[in-house]
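Plus 101 on top of the position in the sequence shown (first one is 1) and you've got our numbering. C-beta: ideal position from N, C-alpha, C; glycine also.
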Amino acid sequence: MNDLIISSTMQKSFPTLIQGLRKAQNIFDSITSFEDIERKFLKGAGLSPNTYRSYLQAVRQFYDFSFGLNPLQVRPGDIEAFYDDLVTKVDRNTAYLRIRGLKKFFSGIRNVIPFYTSPFEIMSKKLSEKLNRTKKGNRKKKALNKGEMKGLLAWLQEDQTLMGLCNYAMTFMLLTSGLRASELCQLTWASLEYFEGKWTAQFIGKGDRQAEQELYTLAVEAAKAYFRAQYGRDPQPADHLYWTISTYEGETIRPMTYATLLLRVKNIGEAAREAGIIMRNVHFTPHLMRRSYATGLYKSGMGIKAIQNKTRHQSLDTLTTHYISDDDSASPFIEKMLA
């Protein structure tokens, strides 16, 4: 942004406005990367790292589409043109999420620059309804059923290579803990505690809040077995549970990263489908494991309130709508009802 040249008369007449304009200039002059945008305008709402990452992706796409248009110059028509272009490339649900990310971005600017008005605040009701349109029908995401989970774990356990041991240990932990990907990646052995026959993990969860999660004993043992295979020793408190694996000479081994975990789970899903272990078209992500964990607890008879506590969900509606898949046939229940 160019330096502001403001007449002395205007400065005397509108001192508050002038201060605001100068503040806006200083803020935008301090932005040198998209990471700065995430830190200044997106972070701080208590959302998950994945959500922030999705919002930042929306900002990047809009920036490219608008040829770097200054955010303070964006109007509702620019948002609509971006949306119209999006829906030619992705489905309406994805387009909706991108628009929601932009709305959060402009709201972030509004919080930092009080005199600013977001284009979402001045758009027509008709346009607002258009941007909030999603695909109709059942949008409940899939979860692995009991048979698929058991079959997947048994199949993964057959691979005794270092990669196989790691994949089995991570998948076992995700399916039996409901941990988010970012939470799994930050775990060290110091964050685990064994007390009265139960393992628990302490970590920073969604919204940068301290969280605790019960871990399944066999999954912890699988993590230990994998660690011993990779390092030839028992884990120390400062060691992470899961690590990357060297695929070429000289590659640095690091604690498991979000990107690597996402790719691993995706590859596991593709291989499982090719091997006939998973017959349905299920999109494999770490969050699939979290949904499967919640659904498995529900179908095993655990109460909704208890599942809410185990998954650390504030919203019961979000839990039942997006995490618990209850699509069983009604026939067996009708037969019992009429018996």
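Cutting at 8 Å between CB atoms, please list the residues of its own chain near residue i, excluding the five before and the five after it.
i    : result
K204 : S219, F221
E371 : F385
P338 : T289, W290, A291
S167 : V175, D179, F183
T358 : C286, T345
A431 : Residue confidence is low: A431 scores 47 on pLDDT, short of 50, so the model does not pin down where it sits. Its coordinate-derived value is still stated next. So no residue of the chain qualifies.
T361 : T345
A407 : L398
K367 : F385, T386
Below 8 Å on the Cβ atoms is my guess for residue i versus residue j; work out the distance and round it to an integer in Å.
i    : j    : result
I379 : E249 : 6 Å
A326 : L266 : 7 Å
F207 : F183 : Contact flag wrong, Cβ pair sits at about 12 Å.
P172 : I210 : 6 Å
L170 : D179 : 7 Å
R355 : M271 : That belief does not hold up - the Cβ atoms of R355 and M271 are roughly 15 Å apart, past 8 Å.
M264 : I346 : 6 Å
L257 : M390 : At roughly 12 Å, the Cβ-Cβ gap does not stay under 8 Å, so L257 and M390 are not in contact.
R363 : P387 : The identity of residue 363 in the sequence shown is Leu, whereas the question assumes Arg. That belief holds up - the Cβ atoms of L363 and P387 are roughly 7 Å apart, short of 8 Å.
Let me make sure I understand the geometry here. Which of the options has the alpha-carbon closest to that of residue i?
i    : options                : result
N268 : G202, F183, F328       : F328
K51  : A360, H384, K299       : No information on residue 51 is available, as it lies outside the stretch 102 to 440 that the chain covers here.
E297 : E315, T361, K190       : E315
R310 : Y156, S155, R413       : R413
Y197 : K406, L232, G333, M224 : L232
S225 : T348, E181, L363       : E181
Q261 : E375, T361, Q331       : Q331
A376 : A255, H388, P387       : A255
L293 : D165, E350, L342       : L342
E259 : L228, A373, K247, E313 : A373
S401 : V213, K247, V191, Y217 : K247
E313 : E284, D340, K190, R161 : E284
L228 : D185, G351, R334, R381 : D185
Does DSSP classify residue i as helix, strand or coil?
i    : result
T396 : helix
T361 : helix
P338 : coil
K307 : helix
T289 : strand
Q158 : helix
L316 : strand
E375 : helix
Y349 : coil
Y295 : strand
T301 : strand
Take residue i and list the residues in its own chain whose beta-carbon comes closer than 6 Å to its own, dropping the five residues that flank it on each side.
i    : result
A159 : R199, G202, L203
K411 : none
L245 : S393
Return the chain-ordered list of same chain residues with a C-beta closer than 7 Å to the C-beta of residue i, the five sequence neighbours on each side being excluded.
i    : result
T318 : W300
A323 : Y269, A270, F273
T353 : none
G155 : Residue identity differs from the one stated: residue 155 is Ser in this sequence, not Gly. If we look at S155 and ignore the five residues flanking it on each side, its Cβ neighbours are L198, G202.
_Taking contact to mean 3 or more Cβ pairs, one atom from each stretch, closer than 8 Å, check whether the stretch 377-397 and the stretch 264-282 are in contact._
yes
Next on the checklist: If contact is defined by three or more beta carbon pairs under 8 Å, each pair taking one atom from either stretch, is the stretch 301-311 in contact with the stretch 250-262?
Outcome noted: no
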